[in-house]
Every structure is written in C-alpha cells, then in structure tokens.
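To keep things clear, I will list the structure first and then write my remarks on it.
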Amino acid sequence: MSSLFQTIDKIKPVYDKTYEFVLFLCKMLLTVDILITCMAVAGRYVPFIPDPAWSEEVVLTCMAYMAVLSAALAIRRNAHIRMTAFDIYLPKTVVRALDILSDVAVLALAVIMITVGWKYANGIGSKGTYVSMPWLSRFWMYFPVPLAGVAMVIFELEALYNHVKAICMGEEE
Numbered sequence: 000m001s002s003l004f005q006t007i008d009k010i011k012p013v014y015d016k017t018y019e020f021v022l023f024l025c026k027m028l029l030t031v032d033i034l035i036t037c038m039a040v041a042g043r044y045v046p047f048i049p050d051p052a053w054s055e056e057v058v059l060t061c062m063a064y065m066a067v068l069s070a071a072l073a074i075r076r077n078a079h080i081r082m083t084a085f086d087i088y089l090p091k092t093v094v095r096a097l098d099i100l101s102d103v104a105v106l107a108l109a110v111i112m113i114t115v116g117w118k119y120a121n122g123i124g125s126k127g128t129y130v131s132m133p134w135l136s137r138f139w140m141y142f143p144v145p146l147a148g149v150a151m152v153i154f155e156l157e158a159l160y161n162h163v164k165a166i167c168m169g170e171e172e
C-alpha cells in the first residue's frame, strides 16, 4: 500500500504548480485592480489623467476572479472557514469523518460551479457585452465561476487523497 501512495505522491508537483499559477494569477489581478482604481480616482481629480469609462467594470470583474480563485487557494491550504469549536471534544475518527464529509460537499459544490457556471458563461455571458466596452463579451464576467470550480476540484481531490492516505497509513493529524 505504501508503494501505491509513493507512486501517487509523484504528482504532488502538479498540485504545487497549479497552486503557484492560481496564486500568481490572483497577484496579477490584484495589481491590475489597484492600478486601474488609482488611475480612475486620480482621473477624477487631476485634469490631465483620464478617467476611463471602463474602469469600474474591469475592476469589478478582476475582483470576481480574485474572490473565487482565492477560495480555491484556501482549500489547498485548508484555511477555509469552518466550525472547529467542538473538535477537541470529539474523537479523532469523528473529526476526520466530518472533514471528509465537508471536503466531499465542497467537491460537489465545485462540480456544480463548473457545470452551472459554464452554462451561464456560454448562455447569458455570450449574449451580452460590457456597457463601456461593447466589443468585449460578458462571457469574461461569468467565466471565473467555472474556472475556480476547476481549481477547487483539483485541490479537493488532493485533500481527499491526503485523508485516504492518512487513514491507510495510520497517521494522526
């Protein structure tokens, strides 16, 4: 059994690279968000700096990407919000079972985010455009939901694998 886990552990660098990519993407989105917001605010008060009409929509879209992608990052770090007040009073096996149950529920949510989010992105999103940028499809406004769903599935599969490995190898948390 140990050799099976050692073989599967060889794909951990893929999870690490995925995490690094999503983290880099969030950092870039935050940087773009800050720069555009600074330009828009300065454009309101400084006469020679333009205040583009598209700034608000782009900032909100970047924020939507950051919100859902950082939720996927929290899954990888096991830093998402959860109730742990009674964990010290419950047996370790019950806590582990509840952790697995919550991970399965989040995995189901991620699959729903992919399927429903993709339908919205291709349905509503493909039919409309941004008000201030009529050449840009609203697909990009709805796309962060299925994108984050994919990242969540990847990180939840890793979390569930880690639970199974810990159970089979007899590891304590």
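With numbering that gives the first Met the number 0, letter number 89 in the sequence shown gets 88, and the count goes up by one each step, no holes.
Glycine included, every Cβ here is placed at the ideal spot set by N, Cα and C.
In the structure shown, T6 adopts helical secondary structure according to DSSP, grouped into three states. By the criterion of a C-beta distance shorter than 7 angstroms, V31 is surrounded in its chain by C61, once the five residues flanking it on both sides are discounted. Counting only runs of at least 4 residues, the region 111-143 fully encloses the following alpha helix (DSSP H) elements, listed from N- to C-terminal order: 123-126 and 138-141. Pairing R81 with A41, the inter-Cα distance amounts to about 40 angstroms.
Straight-line spacing of the CA atoms in I99 and D8 works out to 19 angstroms. In terms of CA proximity to M151, L106 leads the group I10, I35 and L106. Under the 8 angstroms Cβ criterion, the region 117-126 does not count as touching the region 152-162, having fewer than three qualifying pairs. Taken through DSSP and simplified to helix, strand or coil, A107 comes out as helix. Counting along the chain, R75 sits inside the alpha helix (DSSP H) bounded by residues S54 to R76. Close CB contacts of H162 within its chain, under the 6 angstroms cut and outside five residues either way in sequence, are with I99 (chain order).
Around the C-beta of M168, fewer than 16 other C-beta atoms lie within 10 Å, and the residue is accordingly described as exposed.
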